[in-house]
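Here is the structure we will look at.
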Amino acid sequence: MHYNEAQERAIRHTDGPMLVLAGPGSGKTAVITGRTLRLIRDGISPSSILVVTFTKAAATEMKGRFLKMAGTASTAVQFGTFHGVYYGILRSTGRVYSGSVLPEGQKIALLKEILNHLYPGAEQEADLPSQTAREISQFKGSRADIRHFYSAVLPQDIFRKVLETYESWKEENNKIDFDDIITRCYELFLDRPDVLEKWRERFRYLLLDEFQDISPLQYEIIKLLAAPRNNLFIVGDDDQSIYRFRGANPDLMLNFPKDYPDAAVVALSENYRSTPQILEASGRLIAKNKKRFAKTIEAARENGPEPEFELFKNPREECIRLAEDIRKRHNAGLSYNEIAVLVRTNMGCREAVEQMMAYQIPFRMGDTVPCVFDHWIANDVMAYMDLGHGSRRRADFLQIYNRPNRYFSREAFMDAEVTFESLYIYYEDRDWMVRRVEQLENDLRVIGHLSPYGALHYIRREVGYETYLREYANARNIPEEDLLQILDELTESARNYKTYEEWLDYIEEYRQKLQEPKKRDAETDGVMISTLHAAKGMEYDTVYILDVNEGMIPFHKAVLEADLEEERRMLYVGMTRAKNYLKLSAVKEKYDKKTDLSRFIGDIFPGGKA
Numbered sequence: 037m038h039y040n041e042a043q044e045r046a047i048r049h050t051d052g053p054m055l056v057l058a059g060p061g062s063g064k065t066a067v068i069t070g071r072t073l074r075l076i077r078d079g080i081s082p083s084s085i086l087v088v089t090f091t092k093a094a095a096t097e098m099k100g101r102f103l104k105m106a107g108t109a110s111t112a113v114q115f116g117t118f119h120g121v122y123y124g125i126l127r128s129t130g131r132v133y134s135g136s137v138l139p140e141g142q143k144i145a146l147l148k149e150i151l152n153h154l155y156p157g158a159e160q161e162a163d164l165p166s167q168t169a170r171e172i173s174q175f176k177g178s179r180a181d182i183r184h185f186y187s188a189v190l191p192q193d194i195f196r197k198v199l200e201t202y203e204s205w206k207e208e209n210n211k212i213d214f215d216d217i218i219t220r221c222y223e224l225f226l227d228r229p230d231v232l233e234k235w236r237e238r239f240r241y242l243l244l245d246e247f248q249d250i251s252p253l254q255y256e257i258i259k260l261l262a263a264p265r266n267n268l269f270i271v272g273d274d275d276q277s278i279y280r281f282r283g284a285n286p287d288l289m290l291n292f293p294k295d296y297p298d299a300a301v302v303a304l305s306e307n308y309r310s311t312p313q314i315l316e317a318s319g320r321l322i323a324k325n326k327k328r329f330a331k332t333i334e335a336a337r338e339n340g341p342e343p344e345f346e347l348f349k350n351p352r353e354e355c356i357r358l359a360e361d362i363r364k365r366h367n368a369g370l371s372y373n374e375i376a377v378l379v380r381t382n383m384g385c386r387e388a389v390e391q392m393m394a395y396q397i398p399f400r401m402g403d404t405v406p407c408v409f410d411h412w413i414a415n416d417v418m419a420y421m422d423l424g425h426g427s428r429r430r431a432d433f434l435q436i437y438n439r440p441n442r443y444f445s446r447e448a449f450m451d452a453e454v455t456f457e458s459l460y461i462y463y464e465d466r467d468w469m470v471r472r473v474e475q476l477e478n479d480l481r482v483i484g485h486l487s488p489y490g491a492l493h494y495i496r497r498e499v500g501y502e503t504y505l506r507e508y509a510n511a512r513n514i515p516e517e518d519l520l521q522i523l524d525e526l527t528e529s530a531r532n533y534k535t536y537e538e539w540l541d542y543i544e545e546y547r548q549k550l551q552e553p554k555k556r557d558a559e560t561d562g563v564m565i566s567t568l569h570a571a572k573g574m575e576y577d578t579v580y581i582l583d584v585n586e587g588m589i590p591f592h593k594a595v596l597e598a599d600l601e602e603e604r605r606m607l608y609v610g611m612t613r614a615k616n617y618l619k620l621s622a623v624k625e626k627y628d629k630k631t632d633l634s635r636f637i638g639d640i641f642p643g644g645k646a
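The numbering used here puts the sequence shown at residues 37 to 646.
If you want it as structure tokens, here you go:
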């Protein structure tokens with residue numbers, strides 16, 4: 037295999053630490069597999085080499101490429117993930133056993149049960165268990181004192197109670213989770229120097245992929261394992277560190293030369309993926325970050341078209357043009373599989389999916405996309421709509437009877453079918469409550485005579501549901517925008533339907549279409565719709581990035597400079613997925629409100645070239 041000069045330097049490195057700065061499309065996998073083979077040919081025992089990456093799929097692919105390069109069917113080199121390697125170490129000492137690790141799905145289900153017990157109203161928030169699980173991971177990975185760890189999704193006392201209950205359940209049931217694998221391995225090495233020495237002798241050469249995504253505790257274990265030889269070969273790109281919410285810290289990579297002053301450093305500066313124009317545009321963006329290794333990425337490819345930017349009136353116009361453009365490119369011979377549509381959040385893909393459906397363009401989803409119509413806010417809205425159109429089901433009343441709070445008693449809704457006559461009778465001796473029943477009856481009557489879009493506005497403003505959501509968010513320390521965006525998406529989706537029945541038909545079709553990409557084989561032709569996070573590591577001929585507006589890219593939660601730098605890295609990752617054609621777009625208004633162009637657009641297209 038032919039290597040460029042920088043790749044050759046990295047591959048020929050033998051003993052001692054080395055930092056390989058591997059930009060997008062620079063052939064880092066070839067360097068890792070090439071160095072592994074070179075070590076073996078130089079007489080290093082394959083069983084003393086450990087190659088670690090972050091996902092099982094990446095480890096399997098890495099091993100497959102190595103076997104093909106070595107021309108063999110098997111190897112004693114160990115390829116694995118951090119969790120897989122550390123689990124093997126723990127198991128060899130009897131600290132864990134088969135079946136002791138709590139699967140992620142069961143962990144979320146357990147946290148959901150605990151939250152429902154400890155936190156009134158938690159059952160309404162579908163994402164709360166997974167958000168809590170993420171915070172527990174952050175807490176464990178940081179090894180912080182619980183008194184100094186502040187939850188962003190739960191009140192402090194509730195978070196501590198949830199954590200305490202969760203840990204007690206695991207202890208009683210002899211279970212550990214994936215975070216415990218990391219913490220227990222670290223504790224094992226500190227407690228048992230003899231065990232640490234055994235594994236140091238076993239793994240004399242360590243090669244780490246995607247080092248920018250490592251957490252502080254994972255790094256501490258690696259440092260213990262590598263000492264005193266420090267044959268530590270780390271490969272990564274600080275400009276692609278986008279997992280701070282998982283505990284990853286780009287500072288660890290930036291400080292590696294300080295931790296190992298004798299480390300050799302090589303930058304893989306040739307990009308084999310993208311055109312010079314795409315690399316120049318993405319380079320202008322990422323150069324604005326202050327905390328990074330200064331580097332220049334050069335294209336090994338021929339020139340291509342300049343990246344484009346287009347400003348649209350609203351997301352609907354943006355996604356209609358998107359679908360038209362995709363159809364045009366496909367008709368010109370480009371496979372749908374070679375096209376990606378990237379968004380900042382899962383919620384940001386609804387309009388794109390709707391237009392893919394309208395233009396009959398097949399698509400795939402880069403990660404699990406929650407259906408906005410399955411959100412508890414959507415359930416509230418649908419209950420109002422159903423009641424407005426004649427439903428008298430007890431379940432529908434219970435969904436909304438105190439949203440907003442009307443001081444209704446649950447006992448007033450005891451029958452399977454509830455009549456307003458029964459409610460008047462229940463409250464006949466309380467005039468102020470009778471007036472509330474009258475108001476609800478009148479509101480439902482009005483809702484039943486409006487279009488879906490008009491009904492949504494009436495529910496939001498006249499019924500007071502939007503105020504209820506704001507109060508709900510403030511009481512639970514949830515950003516108001518997170519809940520109001522759901523309401524905005526529902527309102528926007530209802531805009532083009534004259535009757536409730538038409539909107540319901542669309543919702544059902546949308547649900548079915550959202551499920552189809554999950555069933556579709558990966559080989560089937562289809563446009564990839566993905567978040568910027570999930571697109572990392574992928575590449576496509578053509579990439580569209582939507583909604584490059586303030587509040588979305590960068591995201592509204594990004595306030596600190598470190599947050600903004602990560603948002604810039606995220607957009608950089610998205611841009612560098614493109615091989616030949618890249619288009620960014622933004623909108624002038626969203627949800628009938630004016631929006632600002634992202635500050636990043638001026639970095640990418642200086643001098644108003646956008």
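Positions of the beta carbon are idealized from the N, C-alpha and C atoms, including for glycine. In this text, all values refer to a predicted model and were calculated from it rather than measured experimentally.
Provide the residue span of the alpha helix (DSSP H) that contains MET393, from first to last. Counting from one through the sequence shown, the residue named residue 393 turns up at place 357. Where MET393 is concerned, the enclosing alpha helix (DSSP H) stretches over 386 to 394.
Evaluate MET54 with the Cβ neighbour count: other Cβ atoms within 10 Å of its Cβ, from every protein chain shown; 16 or more gives buried, anything less gives exposed. Position 18 of the sequence shown, counting from 1, holds the residue named residue 54. With 16 or more Cβ atoms within 10 Å of its Cβ, MET54 is classed as buried.
What's the gap between the Cα of THR168 and the Cα of ILE194? Along the sequence shown, one-based indexing puts residue 168 at 132. Along the sequence shown, one-based indexing puts residue 194 at 158. Between the C-alpha atoms of THR168 and ILE194 there is a straight-line separation of about 11 Å.
According to DSSP, residues forming a beta bridge with VAL563: For the purposes of this step, residue 563 is taken as the residue at position 527 of the sequence shown. Paired residues: PHE399.
From the DSSP output, read off the bridge partner residues of MET588. The sequence position of residue 588 within the sequence shown is 552, counting from 1. When DSSP reads this structure, MET588 sits in a beta bridge with PHE591.
In chain order, what residues of the same chain lie with their CB nearer than 6 Å to the CB of GLU344, ignoring the 5 residues before and after it? One-based indexing of the sequence shown puts residue 344 at position 308. Same-chain partners within the cutoff: LYS619.
Candidates ARG472, THR89, HIS411 and GLY426: which alpha carbon is nearest TYR437's? In the sequence shown, the residue the question calls residue 437 occupies position 401. Measuring from the Cα of TYR437, the nearest candidate turns out to be ARG472.
Secondary structure of SER84, DSSP reduced to three states: The residue labelled residue 84 in the question sits at position 48 within the sequence shown. Here SER84 sits in helix by DSSP.
Inter-residue spacing [alpha-carbon to alpha-carbon] between THR111 and VAL88: Sequence index remark: in the sequence shown, residue 111 carries index 75 (1-based). Sequence index remark: in the sequence shown, residue 88 carries index 52 (1-based). So the two alpha carbons sit approximately 15 Å from each other.
Does the Cβ of GLU545 have 16 or more other Cβ atoms within 10 Å, making it buried, or fewer, making it exposed? By one-based count along the sequence shown, residue 545 stands at place 509. By the 10 Å Cβ count, GLU545 comes out exposed.
From the DSSP output, in three-state form, read off ALA109 for me. Within the sequence shown, residue 109 is the residue found at index 73, counting from 1. Of the three classes helix, strand and coil, the one that applies to ALA109 here is coil, per DSSP.
What did DSSP end up calling MET574 once you bin it into helix, strand or coil? As a first step, residue 574 must be located in the sequence shown, where it is residue number 538. In the structure shown, MET574 adopts coil according to DSSP, grouped into three states.
Nearest-angstrom Cα distance between ASP561 and MET574? The sequence position of residue 561 within the sequence shown is 525, counting from 1. The sequence position of residue 574 within the sequence shown is 538, counting from 1. Here the alpha carbons of MET574 and ASP561 stand approximately 16 Å from one another.
GLY124: which of TRP235, ALA530 and ILE47 sits nearest, CA to CA? For the purposes of this step, residue 124 is identified with residue 88 of the sequence shown, where counting begins at 1. Comparing Cα-Cα distances from GLY124 to each of TRP235, ALA530 and ILE47, the minimum goes to TRP235.
Meets three-Cβ-pair contact criterion under 8 Å: the segment 585 to 601 and the segment 624 to 639: Taking 8 Å as the limit for Cβ pairs, the verdict is that the segment 624 to 639 does touch the segment 585 to 601.
Assuming ARG430 and VAL454 form a contact by the criterion Cβ under 8 Å, report the distance between their Cβ atoms to the nearest whole angstrom. Walking along the sequence shown from the start, residue 430 turns up at place 394. Walking along the sequence shown from the start, residue 454 turns up at place 418. Yes, ARG430 and VAL454 are in contact; Cβ-Cβ is about 5 Å, under 8 Å.
Sequence-distant residues of the same chain with beta carbon closer than 8 Å to ASN350, five excluded per side: Working through the sequence shown from its first residue, we reach residue 350 at position 314. If the five residues before and after ASN350 are omitted, its C-beta is found closer than 8 Å to the C-beta atoms of VAL623, LYS624, GLU625 and LYS626, all from its own chain and listed in chain order.
Check this for me: beta carbons of PHE247 and VAL231, under 8 Å apart or not? For the purposes of this step, residue 247 is identified with residue 211 of the sequence shown, where counting begins at 1. For the purposes of this step, residue 231 is identified with residue 195 of the sequence shown, where counting begins at 1. Contact flag unset, no.
With a threshold of 8 Å on Cβ separation, who are the neighbours of PHE348 within its own chain once the five nearest residues in sequence on each side are excluded? As a working mapping, residue 348 is identified with position 312 in the sequence shown. For PHE348, where only same-chain residues beyond five positions count, the Cβ hits under 8 Å are GLU354, ARG357, SER621, ALA622, VAL623 and LYS624.
What first and last residue would you give for the beta strand (DSSP E) that runs through VAL379? By 1-based counting over the sequence shown, the position of residue 379 is 343. 375 to 379 is the extent of the beta strand (DSSP E) around VAL379.
From GLU140, LEU304, VAL417 and HIS184, residue whose alpha carbon lies closest to that of ARG45: In the sequence shown, counting from the first residue as 1, residue 45 sits at position 9. Measuring from the Cα of ARG45, the nearest candidate turns out to be LEU304.
Give the range of the alpha helix (DSSP H) segment to which LEU315 is assigned. For the purposes of this step, residue 315 is taken as the residue at position 279 of the sequence shown. Segment 312 to 322, the alpha helix (DSSP H) holding LEU315.
Between the segment 515 to 526 and the segment 406 to 420, do at least 3 Cβ pairs fall closer than 8 Å? Touching, yes, given that three or more Cβ pairs across the two stretches are closer than 8 Å.
Please tell me whether VAL609 and GLN276 are closer than 8 Å, where the distance is taken between their beta carbons. Indexing the sequence shown from 1 puts residue 609 at position 573. Indexing the sequence shown from 1 puts residue 276 at position 240. The answer is yes: Cβ separation under 8 Å.
Supposed contact pair LEU138 and ILE217 - C-beta distance, whole angstroms, cut 8 Å: Residue 217 sits at position 181 when you count from the first residue of the sequence shown. Residue 138 sits at position 102 when you count from the first residue of the sequence shown. Contact doesn't hold; Cβ gap of about 11 Å is too wide.
Runs of alpha helix (DSSP H) wholly within the segment 501 to 560 (minimum 4 residues, chain order): The qualifying runs are 501 to 511, 516 to 530 and 536 to 555.
Out of LEU550, GLU477 and TRP468, point me to the one whose CA is closest to GLU457's CA. As a working note, residue 457 is residue 421 in the sequence shown. Of the listed residues, the one whose Cα sits closest to GLU457 is GLU477.
State the start and end residues of the unbroken alpha helix (DSSP H) segment that holds GLU360. Indexing the sequence shown from 1 puts residue 360 at position 324. Annotation: the continuous alpha helix (DSSP H) that includes GLU360 extends over 351 to 367.
Identify which residue in MET401, THR91, PHE185 and LYS64 has its Cα closest to the Cα of THR117. Here the question's residue 117 lines up with position 81 in the sequence shown. Out of MET401, THR91, PHE185 and LYS64, THR91 has the C-alpha closest to the C-alpha of THR117.
Helix, strand or coil for LEU261 per DSSP? On the sequence shown, position 225 is the one that residue 261 refers to. For LEU261, the secondary structure class from DSSP, reduced to helix, strand or coil, is helix.
State buried or exposed for MET469, treating a residue as buried only when at least 16 other CB atoms are found within 10 Å of its CB. As a working mapping, residue 469 is identified with position 433 in the sequence shown. Burial call: buried.
Since GLN114 sits in a beta bridge, which residues does DSSP pair it with? Along the sequence shown, read from residue 1 onward, the residue named residue 114 stands at position 78. DSSP lists LEU86 as the beta-bridge partner residues of GLN114.
Whose CA, out of GLY157, SER487, VAL113 and GLU498, lies closest to the CA of GLN475? Position 439 of the sequence shown, counting from 1, holds the residue named residue 475. Taking only the C-alpha atoms, the option nearest GLN475 is GLU498.
Just to confirm the assignment, what range does the beta strand (DSSP E) spanning VAL301 have? As a first step, residue 301 must be located in the sequence shown, where it is residue number 265. Counting along the chain, VAL301 sits inside the beta strand (DSSP E) bounded by residues 300 to 304.
Apply the 10 Å Cβ neighbour rule to ILE26 and answer buried if 16 or more other Cβ atoms are within range, or exposed otherwise. The question about residue 26 has no answer, for the chain in this structure spans 37 to 646.
Are at least three pairs of beta-carbons, each pair with one atom in the segment 331 to 340 and one in the segment 307 to 323, less than 8 Å apart? These segments touch.
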